[in-house]
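In what follows, a structure is listed as structure tokens, so that the remarks can point back to it.
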Amino acid sequence: MTKKIMFFLFAVCISLLAATYRWTDSAHSIGLIKAKGGEARHASTLESGKDTYTLIATATVIPPYRGDARVVLEGDPELDYKIYSSDPVIDLKIRRQPKFKDNVLYDLRPKDRLALWVVIKPPVLDPVCNMTYQNEFTKEHMDGKDYFFCSDGCRATFMKNPQQYKGRENVRGNYTLAFYDTKTEKAVLRVPLIFKGKGETKDAGEQHH
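For the sequence shown, our numbering gives the first residue as 6, with consecutive numbering after it.
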């Protein structure tokens, strides 16, 4: 019993360290997975312009839902992302842990609790037309920063009035981390994620910088 308590305390310390140490800009969402469609407690608002973001998505399965759920980050333009599960460092068998593989949560049952880490890398955009960066884009260096353009026309437009377009190279807008039941393809949870420009996140709900 003493060893189990020591292992438990050690696991708690590791969890607290993981929860408090943030490598990049990050957000935390809390949601409910429901057969008729669940929702997050609130939207998570992030300030655009960072290289990497981490969304920690926690959720509880509400009865009577049972099944497998595919997890996907939706929005335009598409974002590169990877999803990791919160497999415990030390499994003390205190509670059941749903299996997570290839972005699918398997065998979800009522009252299950889960946590996923979504690491997001937004693309670089042409600040004039908002086209996603490609290898053939041209580059312009200004004020210590590189800007990329799909054509000489967009580059010329930018150079005429840089202040009008600065900041538009960063992703903005609404995204959704969606959980779809693999049998019905119905969403059992939707987590809103909002990217806003610098200074626009004030009074926008949960804020992260």
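Ideal Cβ placement from N, Cα and C applies to all residues, glycine included. It should be emphasised that the depicted structure is a prediction, and the values quoted were computed from it without experimental measurement.
Quick check: the Cα distance between asparagine 166 and histidine 47, rounded to an integer number of angstroms? Sequence index remark: in the sequence shown, residue 166 carries index 161 (1-based). Sequence index remark: in the sequence shown, residue 47 carries index 42 (1-based). Taking the straight line joining both Cα atoms gives about 37 Å.
Own chain residues within Cβ distance below 8 Å of lysine 203, not counting five before or after: Position 198 of the sequence shown holds residue 203. So the qualifying residues of the chain are Glu52, Ser53, Gly54, Gly172.
So what's arginine 75 in DSSP terms, helix, strand or just coil? Mapped onto the sequence shown, residue 75 falls at position 70. Three-state DSSP puts arginine 75 in a strand.
Find out if the Cβ-Cβ distance for the pair threonine 59, isoleucine 38 is shorter than 8 Å. By one-based count along the sequence shown, residue 59 stands at place 54. By one-based count along the sequence shown, residue 38 stands at place 33. Their beta carbons are not under 8 Å apart, which means threonine 59 does not touch isoleucine 38 by this criterion.
Could you spell out where the beta strand (DSSP E) holding methionine 147 opens and where it closes? Translated into positions along the sequence shown, residue 147 becomes position 142. Here the beta strand (DSSP E) through methionine 147 covers 143 to 147.
Rounded separation between methionine 147 and aspartate 30 - CA only: In the sequence shown, the residue the question calls residue 147 occupies position 142. In the sequence shown, the residue the question calls residue 30 occupies position 25. Looking at the two C-alpha atoms, the distance is approximately 25 Å.
Cβ-Cβ distance between serine 90 and leucine 113 below 8 Å: Translated into the one-based positions of the sequence shown, residue 90 becomes position 85. Translated into the one-based positions of the sequence shown, residue 113 becomes position 108. No.
Thinking C-beta only, is valine 196 closer than 8 Å to glycine 42? Translated into the one-based positions of the sequence shown, residue 42 becomes position 37. Translated into the one-based positions of the sequence shown, residue 196 becomes position 191. Cβ atoms of glycine 42 and valine 196: not closer than 8 Å.
Among Leu130, Asp85, Val109, which has the Cα closest to the Cα of asparagine 140? Looking up residue 140 in the sequence shown gives position 135. When each option's Cα is compared against that of asparagine 140, the closest is Leu130.
Taking the alpha helix (DSSP H) that threonine 162 falls in, what are its first and last residues? Numbered from its first residue, the sequence shown carries residue 162 at position 157. Note, threonine 162: alpha helix (DSSP H), 157 to 165.
Neighbourhood of arginine 160 by C-beta, 7 Å cutoff - its chain only, sequence neighbours within 5 removed: Position 155 of the sequence shown, counted from the start, is the residue given in the question as residue 160. Around arginine 160: Thr143, Glu145, Phe154.
To the nearest angstrom, report how far apart phenylalanine 200 and tyrosine 138 are at their CA atoms. Here residue 200 corresponds to residue number 195 of the sequence shown, with the count starting at 1. Here residue 138 corresponds to residue number 133 of the sequence shown, with the count starting at 1. Computed Cα separation, rounded: 18 Å.
Closest to arginine 75 by CA distance: which of Glu44, Pro69, Phe105 is it? Taking the sequence shown and counting its residues from 1, one reaches residue 75 at position 70. Among Glu44, Pro69, Phe105, the Cα nearest to that of arginine 75 is on Phe105.
Between the alpha carbons of proline 150 and lysine 87, how many angstroms are there, rounded? Numbered from 1 along the sequence shown, position 145 holds the residue referred to as residue 150. Numbered from 1 along the sequence shown, position 82 holds the residue referred to as residue 87. For the sequence presented, residue 150 should be read as lysine rather than proline. The straight-line gap from Cα to Cα measures roughly 27 Å.
Contact under 8 Å by Cβ, aspartate 73 with valine 109: Translated into positions along the sequence shown, residue 73 becomes position 68. Translated into positions along the sequence shown, residue 109 becomes position 104. Against a cut-off of 8 Å, the Cβ pair of valine 109 and aspartate 73 comes out as a contact.
Best match in Asn135, Tyr170, Tyr70 for proximity to lysine 188 [C-alpha to C-alpha]: Indexing the sequence shown from 1 puts residue 188 at position 183. Answer by Cα proximity: Tyr70.
Can you tell me the Cα-Cα spacing of alanine 183 and glutamate 190, whole angstroms? Position 178 of the sequence shown, counting from 1, holds the residue named residue 183. Position 185 of the sequence shown, counting from 1, holds the residue named residue 190. Rounded to the nearest angstrom, the two C-alpha atoms are 11 Å apart.
Rounded to the nearest angstrom, how far is the Cβ of isoleucine 125 from that of threonine 57, given a contact under 8 Å? Your numbering for residue 125 matches position 120 in the sequence shown. Your numbering for residue 57 matches position 52 in the sequence shown. Indeed, because the Cβ distance is near 7 Å, the residues count as touching under 8 Å.
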